[in-house]
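Undergrad: Residue numbers (our numbering), protein chains in the order written: chain A, 1 to 106; chain B, 10001 to 10418; chain C, 20001 to 21001.
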Amino acid sequence: MLKLTCPYCGIEADETELHGGGEAHLERAAGGAGDSELEQYLFIRSNPRGVHFERWHHIHGCGKWFHAARCTETMEVFGTYSAQTLRPPENTLSEIKRRRPNWVNA
Amino acid sequence: MKPRQKYSAFALVREAMRGHTGWPRAWNSPLPSKRYDVIVIGAGGHGLATAYYLGKNHQIRNVAVLEKGWLGGGNTGRNTTIIRSNYLQDASAAIYEKSRSLYEELSQQLNYNVMFSPRGVMMLAQTHHEARGYQRINNANIVQGVATEYISPEQVRELCPIISISGPRYPVLGALWQARGGTARHDAVAWGYARACSEMGMHIIEQCEVTSVRTEGGRVVGVETGKGSIECGKLAIVVAGHSGVVAERAGFRLPIESVALQALVSEPIKPCLDVVVMANTVHGYISQSDKGELVIGGGADQYNNYSQRGSFLHIEETVRALVETFPIISRLQMLRQWGGIVDMTGDRSPILSRTPVEGVYINCGWGTGGFKAIPGSGWAMAELVANDQPGALAASFGLERFREGRFIDESVAAGVAH
Amino acid sequence: MSTRLPTGGVLVDRNKPVRFSFNGKKMTGLEGDTLASALLAGNVRVVGRSFKYHRHRGIVGCGPEDPNGLMTLGTGNRLTPNQQATTTRLFEGLSARSQNHWPSLEFDLGGVVDKVSSLTPAGFYYKTFIQPRRAWKHVYEPLIRQAAGLGRPPRDRDPDLYEHFHAHVDLLVIGGGISGLIAASIAGRAGLRVLLLEQFWELGGRTPVDVEMLGDEAPRDWIAERVEELNALENVHLRCRTCAVGVYDHGYVLANERVGEGTGDEGELRNRLWRIRARKIILASGAIERPLCFVNNDVPGVMLASAVRDYVTNFGVSPGDRTVVVTNNDDAYRTVNCLVRAGLDVPMVVDARPVPGPVAAEAKELGVNVVSNRAIANVEGTKGITGVSVCSQAGEGTVLERLDCEVVAVSGGWSPAVHLWSHCSGRLRWDDTRAMFRPDRTRPPLASDGEEQMVVVGSANGMLQLDKVIADAAEGTVTAVRALGGDADPGFLPEVAVQSESPASPVWLMPNGMDLRTRAKAWIDFQNDVKVSDIELAVREGFESSEHVKRYTTLGMATDQGKTSNINGLAILARSLNTPIEQTGTTTFRPPYTAVPMGAIAGKARGSLFKPTRRTPMDAWHDANGAYWEPVGDWRRPYCYLQGEESVDEAVRRECLSVRRSAGIIDASTLGKILVSGPDAGRFLDMMYTNMMSTLRPGRCRYGLMCNDNGFLMDDGVVARLSDESFLCHTTTGGADHIHGWMEEWLQTEWWDWQVHVVNITEQFAQIGIAGPHARKLLSSLGGMNLGAEDLPFMCWIDGQLAGHDVRVFRISFSGELSFEVAVRGSEGLELWRKIIEAGQNFDAGVYGTEALHILRAEVGFIMIGDETDGTVTPQDLGLTWALSRKKEDFLGKRAQERSYLTSPDRWRLVGLLRVEGNTPLAHGAYAVSSENSEFGHTRMIGRVTSSYYSPILDRPIAMALVENGPEMQGTILEFVEKDGRVRAEIVDPVFYHPSAAARN
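See the structure below:
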């Protein structure tokens, strides 16, 4: 039963008030994109055993989407951050590196 | 290779007289050879069945099945053992029905009692939309030659008296009924295939994790493992739950996310539920094992998870739904809950496919419904690996379908979980 | 015989007899008894039969570790199977029945299996019952199923109640023994919010039974002081009868409180499920004693040594007059002392160690015969022990002497109760000195921040000596409290002087050289009948992993979840494999620690609270006027309204004709209404919808389609532009929440720099649809606004007043008829509805439900999301290309619709169907077949019925379908496969009915 801190309302939100939204930082493929780019965007997922950047919706709370960096094996959370960003923030990345020195951002 | 001892009541009596000291190992446990024609990664039901049908149908017997942990320890040993083939899409109906029909004679084929019990599977229709969806599946099944029928609430009550037909929230409007669906003993399926593979001289190597896949000129030549380097002609990756991780080691990515699916059992009670019941509107399915436990499954978590444990959230949701549908279970108790890691694809249908690496084949993405598919999946996968070309059973399940937009979407009729 | 002692029993009140029944026999116990202690006091020694061999089973333990004392409690709709006698508190009128026997506990036909047990070793069923094929389902399996199972399930609905309780604490202490009390005291004094849970109804754990003095106080006094002090602290809560059952990620703990014990009236609160979030958890769950493996160690009367002294000390119950104590450690000598002090006979202590510690000498001083390096060769008796024979532990079982006794008190050492440590991936390590799996404190369950979530203390941490337990509890708690930012002061701890105990010697088989035959009589799992020989057989057959052994033999899978059998089983496995036990490891412990009623998990969510129904403001009116309900999403909507004796079909027909001939009124409030506003609202809707919405003029409406990014149609509805910067988007009933969320998702995660605000106002408005030739006259008769064709043209909206209500009227149609939708404040919905119904009487108007709505739309060829679409259908498939903007570079789904499979000319596309023969509607979802075969060998499907109705106005069945190349095949006759044969239908235009233009205007 995860709990994640919503960066908008500041609540330490219980899993019951959250909705998972899959991998974060996917780039939308639209008009002009090749079939392969479209496939990447719609289906291909990194699905790592380890550090995962993912989207969450505080659906039964403030209603905002946010991102989390979480370990899919231990459920540790390295940080939650705004969904209005194209890449994870530095403080989250450094927290990951602090706890997972060998981690490489694929 | 010592010929195996045939299992029978007579053998049991004979062994009883010498304190059961004469039983041989159910499967061999050798050190890896230098090279195999085919290496199958994953000694779960699907991997072992792949190896078995490679030997049986295609006479490819220089085969090793490599297992990271213990045989049958993934989803094969963690599911709710439901077997059915009442699927909507042609491709699904074909492979699941093939599988179901193989289950019918699997105990005799393997000389191992896998306890296939065609006790009947019913899927309750609890909204008009769901009722129409099941009627649609039933209509498709008529054409596909899958024996199902759409039955009335009265028939539901007759087959399963402990269901509360009248609701109040979601009255039972009918059900899709497959009389020859049922359950089997999950562990026995893996053990039975392992024993039969071993009998054909194949190597089953446990505690042997594949750490990388070696290729030359875009073609597989072998694998590195915890037990050394092994060469192979072809490589079949059959590792539900960890497909993404192994595919990454072979150098490609998959349209897959791994999530935890929750299940639970009650304590054993005397028989009260003869059929398998699935209630998809309220998210829960239930059957009673031969031991007497109520075996209950529900939803999958919505987040990527490799921990083989899970949340309480779906347990609660499922139990709540089943207490409402089967009021007598309220005073029974949850004895044990667990999670399994399942691969979910973009259309929730499996992948049986060639891959970007020549000679590497993948079988994954069975989502929450892999157990029922084991024999059919092994059959189709063996065909694909042996011929480097999918047969009719596997042809629709290629990786390229995601690029083409050619979905095999089973959720369309009534939001049916697999 | 077992009996109540004349004195003693600190937990029972000898002045308060409690009457109960066992297997129909009337018995009397005392207040404070457990069912198990009361049964023993009444000389009931056989309490059930084992699962597989139906052997006699007696009480072994004194708590949740007991595998045998399973009872069916209560009667009628409160019948509850598989309840542990050792954890059931006795109450007046309790009715208990033993289980798993037929016809009776004393004479059980199932016992025949025991006679042929050599034929039924572990996994025998995998090797037989194979031929003939049909026999499994029809002969073998039914027999096995009848024989299996324990108690019978209840037959009726549970009358009692359950509830959930949420708690958020700084520190959760699991276990109310001495370690738990120390932890709670330290943390409580530091001002932290503390919750302590204890499964039993008394605090103190084993200490009052096992310890003479705590400092200079009697343990009970010291405990009482702690409890008093803790109760005085507002930040500390103590809960007895509440068992922590599951530990989940991020400090989430589930606990089951037994509130009602069956004593109250029906409808009492039976269990309370605690859902706790703790910043840190102290695990002080204690340890569980292990039995020893010797021949016939399952005969009733073989009990855990600790349980024997619990019964004597706590309940004043003697399990038997003569007790042989069998041990490999010092702890069991406490039982010797306890029995001797109670005046009971201990003819011998059988100590497996070559050199027992100083405690042996003390026992000898009490006059007890202590023999060392000895083992039990055999236990005599079936329904109860008559005697034991003794042999050398090092040997193979040659009997050295025999003696009479009634009880064998065994102690094979202690195993920390590590279950809750393991639930969330806390690791274990094998401690060779202590001969136990202990929590590895360097690899604890992790909190969300990667730090340790749980600290394990006391005997749960492997500490068995009082001084070490106290020190460990203090040290662990201080660490945890400081990590939580508290100031810890363990100043109150008692000084205890303890005699240092001699080490236990690991004894896994008794005697060590037990032969093959007798290993088939040495039990490990008493409930599931797993014996030493079963584990050895599993290993012989290659089932070498601990998980394989568990699954092959069913070791540890009984209702006690292996609390007494796991470690012994693993040790036997390691011994058979000739590997150290740490290499075999344990199986994974899964929640719950003790079983939890399903009802408690469901909580209050039963009946009408199971899934609350959403209701429109007019719901009560519908209900009072014959509504035949159907659930739609979370709503309920009238499918039709039944009048008099008419059937559902007749009602639907009447409602359809009323709309076509005069007017019909429908509650459309459930339609989703989403207000989209802001400078970029038009641009945003251009992305959401396939149509161009930014060009819509204020005051106008447009029908729009929404696709997902896979290109498939997901929702439709009418969009009204309210102003330059605001749009009102209507969605399907089921789609409102989803579409609202969908819009938010895109705005927040993709186009976050666009200035758009989205709000779901579905419930703020009631919406009433009026359709039919008399619709305008009807509405106008309410007075307040002009609704003429010039005032309100088709696909326009205006604000105004009707019958004194502020309304917004849309002129849109889902039936092809002249039609208006009137939106009014939700609070005024019912009032306006009544007025419209009343006015409708002058125009022969009636109400209609969802089914008539569906038929009316099908008659004019309109699609319905969920019927014509199923998540794999594109707008192009439905002939809705006119709604796809060609001018827009991008909208959701546009690129995906360009993929090869979606542009294929062979896709199934929308057509109408008319039956060639027959007058009943085609079956829903029936498939059309061609003359060729598919790649799967069956007839190829080339189309499917998506909607099928009997049209009252046309007086014939009509249908819509998706057919391969359908629109190009008008006039072709297709064959559809139905249950009873094939049915022919002709492909026609999907518009079946054209209302007259005059009526529409």
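A virtual CB, placed ideally from N, CA and C, is assigned to each residue, including glycine.
Quick one: which unbroken beta strand (DSSP E) runs of 3-plus residues sit fully inside the region 20591 to 20674 of chain C? Chain order, please.
TA: Complete beta strand (DSSP E) runs here, min 3: 20627 to 20632, 20635 to 20641 and 20663 to 20667.
Undergrad: Which bits of chain B does R28 of chain A rub up against, with CB to CB less than 7 Å?
TA: Chain B residues near R28 of chain A: none, gap ~16 Å exceeds 7 Å.
Undergrad: Have a look at C:G20426, C:D20449 and C:L20143 and flag the residue whose alpha-carbon is nearest the alpha-carbon of T20442 of chain C.
TA: It is C:G20426.
Undergrad: From B:T10281, B:H10128, B:Q10178 and B:A10051, pick the residue whose C-alpha is nearest to that of F20610 of chain C; which is it?
TA: Comparing Cα-Cα distances from F20610 of chain C to each of B:T10281, B:H10128, B:Q10178 and B:A10051, the minimum goes to B:T10281.
Undergrad: Can you find at least 3 beta carbon pairs, one from the region 10281 to 10297 of chain B and one from the region 20100 to 20108 of chain C, that sit closer than 8 Å?
TA: In short, these stretches do not touch, since the Cβ pair count stays below three.
Undergrad: Mind checking which residues open and close the beta strand (DSSP E) that includes R20402 of chain C?
TA: First-last of the beta strand (DSSP E) with R20402 of chain C: V20399 to D20404.
Undergrad: Does the beta-carbon distance from G10284 of chain B to G10182 of chain B come in below 8 Å?
TA: Taking 8 Å as the Cβ cut-off, G10284 of chain B and G10182 of chain B do not qualify as a contacting pair.
Undergrad: Are there 16 or more other CB atoms within 10 angstroms of the CB of K10002 of chain B, so buried, or fewer, so exposed?
TA: Low per-residue confidence applies at K10002 of chain B: pLDDT is 47, beneath 50, and the placement is therefore not dependable, though the value from the model is reported in the following sentence. It is exposed - the Cβ of K10002 of chain B has fewer than 16 other Cβ atoms within 10 Å.
Undergrad: When you compare each of B:V10065, B:I10269 and B:A10386 to T20072 of chain C by their alpha carbons, which one comes out closest?
TA: Residue B:I10269 is the option with its Cα nearest to T20072 of chain C.
Undergrad: For the region 20495 to 20504 of chain C against the region 20325 to 20342 of chain C, are there 3 or more C-beta pairs whose distance is under 8 Å?
TA: A contact exists between the region 20495 to 20504 of chain C and the region 20325 to 20342 of chain C.
Undergrad: If contact is defined by three or more beta carbon pairs under 8 Å, each pair taking one atom from either stretch, is the region 10094 to 10104 of chain B in contact with the region 20115 to 20127 of chain C?
TA: Touching, no, given that fewer than three Cβ pairs across the two stretches are closer than 8 Å.
Undergrad: Under a Cβ-count criterion, where at least 16 other Cβ atoms within 10 Å of its own Cβ denotes burial, should K20673 of chain C be classed as buried or exposed?
TA: Buried is the call here.
Undergrad: Can you tell me the Cα-Cα spacing of A20928 of chain C and L20974 of chain C, whole angstroms?
TA: If I take the Cα positions, the gap works out to 6 Å.
Undergrad: Comparing the C-beta of L20605 of chain C with each C-beta of chain A, is any distance below 8 Å?
TA: Here the sequence assigns Ala to residue 20605 of chain C, which means Leu is not the residue at that position. Not one chain A Cβ lies under 8 Å of A20605 of chain C.
Undergrad: Please list, in chain order, all residues of the same chain as Y10306 of chain B whose beta carbon is under 7 Å from its beta carbon, the five residues on each side excluded.
TA: Within the same chain, Y10306 of chain B has close Cβ partners S10258 and I10341.
Undergrad: I'd like the list of long-range same chain contacts for C20391 of chain C, defined as Cβ closer than 8 Å, with 5 residues on each side in sequence excluded.
TA: Taken in chain order, the residues that qualify are R20374, A20375, I20376, A20377, G20397, T20398, V20399, L20400 and P20511.
Undergrad: Let me confirm a value: D20955 of chain C is counted as buried when at least 16 other C-beta atoms fall within 10 Å, else exposed. Which label applies?
TA: When all chains shown are included, D20955 of chain C counts as exposed.
Undergrad: Are there any heavy atoms of the ligand GTP lying less than 7 Å away from the beta-carbon of P20494 of chain C, as far as the coordinates show?
TA: Judged by which ligands are present, the structure shown has none, so any question about the ligand GTP falls away.
Undergrad: For S10008 of chain B, which residues of its own chain have a beta-carbon under 6 Å away from its beta-carbon, when the five flanking residues on both sides are left out?
TA: For S10008 of chain B, where only same-chain residues beyond five positions count, there are no Cβ hits under 6 Å.
Undergrad: Consider the Cβ of C9 of chain A: report whether some Cβ of chain B lies at a distance smaller than 8 Å.
TA: No, because no Cβ of chain B sits closer than 8 Å to the Cβ of C9 of chain A.
Undergrad: Thinking just about the alpha-carbon of each residue, which of C:V20355, C:G20316, C:L20292 and C:P20354 is nearest to the one in V20325 of chain C?
TA: Among C:V20355, C:G20316, C:L20292 and C:P20354, the Cα nearest to that of V20325 of chain C belongs to C:L20292.
Undergrad: DSSP three-state label for L20011 of chain C, please.
TA: Coil.
Undergrad: Name the chain C residues whose beta carbon is nearer than 7 Å to that of W10338 of chain B?
TA: Simply R20590.
Undergrad: Could you tell me if N20271 of chain C is buried or exposed, where buried requires 16 or more neighbouring beta carbons within 10 angstroms of its beta carbon?
TA: Counting Cβ neighbours within 10 Å, N20271 of chain C comes out buried, since at least 16 surround it.
Undergrad: Give the DSSP bridge partners of G20246 of chain C, in chain order.
TA: Paired residues: C:L20254.
Undergrad: Going by DSSP in three states, L20765 of chain C sits in which element: helix, strand or coil?
TA: Going by the sequence as given, residue 20765 of chain C is Phe instead of Leu. In the structure shown, F20765 of chain C sits in a strand (DSSP, three-state: E or B).
Undergrad: V10360 of chain B and L10235 of chain B - do their beta-carbons sit closer together than 8 Å?
TA: Yes, they are a contact pair.
Undergrad: Any Cβ of chain C within less than 8 Å of the Cβ of E23 of chain A?
TA: No, because no Cβ of chain C sits closer than 8 Å to the Cβ of E23 of chain A.
Undergrad: Between K20534 of chain C and the rest of its own chain, which residues show a CB-CB distance below 7 Å, the 5 nearest in sequence each way excluded?
TA: For clarity, residue 20534 of chain C is Asp in the given sequence; the question names Lys instead. Around D20534 of chain C: P20121, A20122 and T20553.
Undergrad: Can a CB atom of chain C be found closer than 8 Å to the CB of A33 of chain A?
TA: It does; some Cβ of chain C falls within 8 Å.
Undergrad: Taking all protein chains shown into account, do 16 or more other C-beta atoms lie within 10 angstroms of the C-beta of T10076 of chain B, making it buried, or fewer, making it exposed?
TA: It is buried - the Cβ of T10076 of chain B has at least 16 other Cβ atoms within 10 Å.
Undergrad: Indicate whether at least one CB of chain C lies closer than 8 Å to the CB of D10409 of chain B.
TA: Yes, contact with chain C.
Undergrad: A69 of chain A CB to nearest chain C CB: under 8 Å?
TA: Chain C, which has no Cβ nearer than 8 Å to the Cβ of A69 of chain A, makes this no.
Undergrad: With burial defined as no fewer than 16 other Cβ atoms inside 10 Å of the residue's Cβ, what is the status of H10418 of chain B: buried or exposed?
TA: With a pLDDT of only 41 at H10418 of chain B, under 50, the local geometry of the prediction cannot be trusted, and the value read off the model is given with reservation. H10418 of chain B comes out buried.
Undergrad: For L20747 of chain C, I'd like the list of residues in its chain whose CB is within less than 8 Å of its CB, leaving aside the five on either flank, ordered along the chain.
TA: Hits under 8 Å: F20684, W20754, V20756 and V20758.
Undergrad: At a CB-CB cut-off below 8 Å, which residues of chain C make contact with G50 of chain A?
TA: Residues of chain C passing the Cβ test: none, with the nearest at roughly 13 Å.
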